[in-house]
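Chains as they are written, first to last, in this note's numbering: chain A, 1 to 180; chain B, 1 to 532. In what follows, a single structure is set out as structure tokens and then discussed.
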Ligand SMILES: Cc1cc2nc3c(=O)[nH]c(=O)nc-3n(C[C@H](O)[C@H](O)[C@H](O)COP(=O)(O)OP(=O)(O)OC[C@H]3O[C@@H](n4cnc5c(N)ncnc54)[C@H](O)[C@@H]3O)c2cc1C
Ligand code: SF4
């Protein structure tokens, strides 16, 4: 499992009963002043992404890549992503009637499928249920973002069989053959 | 503050010139608009780069303001870098000599103009530049002009996909050869061997040559060169005799200071050199410093480019290295360039969508998405084309008085067109590339639209006649006795090849000339060359 220093600190903070979102970021780290998502919001988003990107529960390392992606995004776009993620978590909770990440994988899968939340396109004639604005936002913005974040990470490269990829140094001779 | 030589810009031209002068015992001060980028910062830069950010972006963003006009917008975004190392921080490292014919378009083909120097005049300086930058290559290009020295480093072997290209090219009579690069195929000059990190525009190891690593520290180590960072030159001032007496520069706090020197060298890149000359207009030079010819900023050129790609049935294993290893200059040289424009083919080692792009574009999710990414990735092969652009006076850099930078200086305005000559060359290139891809058996062959290389050329062309050029054969401004302009702004024509090795060779040559002028008795270097 791949742990970032920050996720480790967050874990310790949570175990000690602190609000992890209050843990300050390191100097030079991302967005010292930017408001962050709460730990439960992060968990809900990862639980949502887990349904989108593969066929079963993700490994801790894969979840960590998603956390990194989400945390980074929340510091970008002048608050756009933070807003998008909060909308997504709010919608998931309303549809689930409880914390989304509290549901097991099959129940989350059923909920997403039933509400067609996995499809990133919206047909013009499609009716979007009780929360059309939120559903549209989540499907057209959050779904591609989370899928893109996962497949841009080492986990995405692992899907295509690459353990080394742009950004990781390795064996210079590899590119000359058909080995991956 | 005083120096013997004041250099504006610590990029390819300025960094190389500074070292060559400092080694000859000449006191140099380099004024560099950007910051230093430490090698230790690179891992973090790489992380930002793979997320699609530009870690070289200028901290004072408004310094890079520009506007475009004309039928084709030539955008500068991502096409230059400010900082010690200049655009070599960001470059790909392809280090090609021009061909002998590239210097003689007028006499050989009756088009454009000849350079006032020949390939032979530059050959020794090319060898020196290759040695200092550490160029890896092998003399397997059938059309290459003669060389006096072997490449200092062995070539990077051909890639797996180069093998596919080679087999397709042979029956078509197209020769593919190694692409020379300023990148360590083996450890060299204190820098490590390339480690295939694949992010060459931000090299984390220092295996790719950039003058912040290969030249500037060595210049500073002589004790004769000083680099002032975040010092942007705003204008040059003249004394009564018509010589430049001071470079007026400012730090981000806008406080203006002066640097006096005997000789001034502009090495800010083709766009900024022209801009600075225009910003330095005075009573004596109302149209811009050194601009009696009216040609400062004119004849701007780049390399119009397209990429042609197609899908292979089998996997071709892209994205395992950050640079290309094979090219062909057959169509850049072997032709009647009067009617058929030169173009260069670069055989790409990375083409087609990455896993995240495939995933997002698929519109799928769950297991079908995973399967789709796995199956779809790694099937694309591509060829990038760079065409020669002929000099045209209407392509020009001027000042936009309505748009200003951090210091209140007018931004550069780029007027740009691409003519029929270049468009015909790109059409032909597309056809040639299409044939190669078809011979490999690729389907879904497609071409991108027109784009432009990050090569800015022209703007203060070299020539013997002060009426038709801005600098002479030694890169001294015709109109100002102690002002030199270096970089690709001096090029008379663009060729189809990337410019930086020629920038380097010209800088070494100009340094020799300046040193001979300042130290008539001893123009040789005072310290030994670094070990190769
Ligand atoms: C992404 C990319 C890839 C490239 N790949 C290749 C390649 O493979 N092969 C190749 O041959 N070329 C390549 N190039 C082009 C190459 O980088 C340039 O040709 C070369 O660096 C130009 O050298 P220069 O010294 O003229 O300008 P630069 O290297 O750009 O340096 C100019 C310096 O001057 C400074 N400056 C400008 N104005 C002022 C001022 N007023 N005051 C103080 N300082 C100032 C700038 O901050 C900068 O540091 C590439 C460029 C880019 C951006
Ligand atoms: S592949 Fe590129 S980024 Fe990686 S070490 Fe080699 S030159 Fe540097």
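Note that the Cβ used here is the ideal one computed from N, Cα and C, for glycine as well.
For this session: Let me know if residue 402 of chain B comes out buried or exposed under the rule of 16 or more other beta-carbons within 10 Å of its beta-carbon.
Result: exposed
Exercise. Which residues in the same chain have their Cβ closer than 8 Å to the Cβ of residue 361 of chain B, if we skip the five residues on either side of it in sequence?
Worked result: 353
Exercise. Is residue 496 of chain B near ligand 1, judged by its Cβ being under 7 Å from some heavy atom?
Worked result: no
Exercise. Quick one: is the Cβ of residue 321 of chain B within less than 7 Å of any heavy atom of ligand 2?
Worked result: yes
Exercise. Any Cβ of chain A within less than 8 Å of the Cβ of residue 374 of chain B?
Worked result: yes
For this session: Along the beta strand (DSSP E) that carries residue 427 of chain B, what are the first and last residues, could you check?
Result: Counting along the chain, residue 427 of chain B falls outside any beta strand (DSSP E), though it belongs to the alpha helix (DSSP H) covering 420-440.
For this session: Alpha carbon to alpha carbon, how far is residue 213 of chain B from residue 363 of chain B? Give it in angstroms, no decimals.
Result: 45 Å
For this session: Measure the beta-carbon distance from residue 321 of chain B to residue 198 of chain B and round it to whole angstroms, keeping in mind my assumption that it falls under 8 Å.
Result: 6 Å
Problem set entry | Per-residue DSSP class, three states only, for residue 1 of chain A | Reliability fails at residue 1 of chain A, whose pLDDT of 31 lies under 50, so the model's placement of it is uncertain and the value that follows must be treated cautiously. Reduced to three states, the DSSP call for residue 1 of chain A is coil.
Exercise. Would you call the CB atoms of residue 233 of chain B and residue 277 of chain B closer than 8 Å?
Worked result: no
For this session: Taking only the alpha-carbon atoms, compute the straight-line gap between residue 533 of chain B and residue 521 of chain B and give it to the nearest angstrom.
Result: One cannot answer for residue 533 of chain B here, as it falls past the ends of chain B, which runs 1 to 532.
Exercise. Comparing the C-beta of residue 144 of chain A with each C-beta of chain B, is any distance below 8 Å?
Worked result: yes
Exercise. How would you list, in chain order, the residues of chain A whose beta-carbon sits under 7 Å from the beta-carbon of residue 321 of chain B?
Worked result: 175
For this session: Flag residue 324 of chain B as yes when its Cβ comes closer than 7 Å to any non-hydrogen atom of ligand 1, and as no otherwise.
Result: no
Exercise. Relative to the C-alpha of residue 102 of chain A, which residue among A:162, A:109, A:44, A:179 is closest?
Worked result: A:44
Problem set entry | Separation of residue 357 of chain B from residue 162 of chain A, as counted between CA atoms | 16 Å
For this session: Check the Cβ of residue 120 of chain A against every Cβ in chain B and list those closer than 7 Å, keeping chain order.
Result: 363
Exercise. According to the neighbour-count rule (16 or more other Cβ atoms, all chains shown, within 10 Å of its Cβ), is residue 444 of chain B buried or exposed?
Worked result: exposed
Exercise. The beta strand (DSSP E) spanning residue 246 of chain B covers which residue range?
Worked result: 244-250
Exercise. Taking the runs of the alpha helix (DSSP H) that are 4 residues or longer, which of them lie wholly in the region 59-117 of chain A?
Worked result: 60-74, 80-96, 105-114
Exercise. The alpha helix (DSSP H) with residue 355 of chain B in it runs from where to where?
Worked result: 355-362
Exercise. Relative to the C-alpha of residue 163 of chain B, which residue among B:288, B:348, B:81 is closest?
Worked result: B:348
For this session: Quick one: grab the DSSP three-state call for residue 81 of chain B.
Result: coil
Exercise. Between residue 490 of chain B and ligand 2, is the CB less than 7 Å from at least one heavy atom?
Worked result: no
Problem set entry | When B:161, B:34, B:33, B:449 are compared against residue 315 of chain B, the one with the closest alpha-carbon | B:161
For this session: Output the distance between the C-alpha atoms of residue 433 of chain B and residue 308 of chain B, rounded to the nearest integer angstrom.
Result: 7 Å
Exercise. Looking only at DSSP bridge pairs, what is residue 260 of chain B linked to?
Worked result: B:2, B:246
Problem set entry | Close Cβ partners of residue 297 of chain B (< 7 Å) along its chain, the five nearest in sequence each way excluded | 274, 278, 396, 397, 398, 459
Problem set entry | Within 8 Å of chain B by C-beta, residues of the region 43-77 of chain A in sequence order | 51, 52, 53, 54, 55, 72
Exercise. What does residue 140 of chain B touch in chain A if you count any residue whose Cβ is under 8 Å from its own?
Worked result: The premise fails here: residue 140 of chain B is roughly 16 Å from chain A at the closest Cβ pair, so nothing lies under 8 Å.
Problem set entry | CB-CB length for residue 150 of chain B against residue 184 of chain B, believed under 8 Å | Not confirmed; about 16 Å, so no contact.
Problem set entry | Secondary structure of residue 474 of chain B, DSSP reduced to three states | coil
Problem set entry | residue 327 of chain B versus residue 333 of chain B: straight-line alpha-carbon distance, rounded | 13 Å
Exercise. If we count the other Cβ atoms within 10 Å of its Cβ and call it buried at 16 or more, is residue 150 of chain A buried or exposed?
Worked result: buried
Exercise. Along the chain, where does the beta strand (DSSP E) that runs through residue 380 of chain B open and close?
Worked result: 380-387
For this session: Go ahead and pull the three-state DSSP assignment for residue 176 of chain A.
Result: helix
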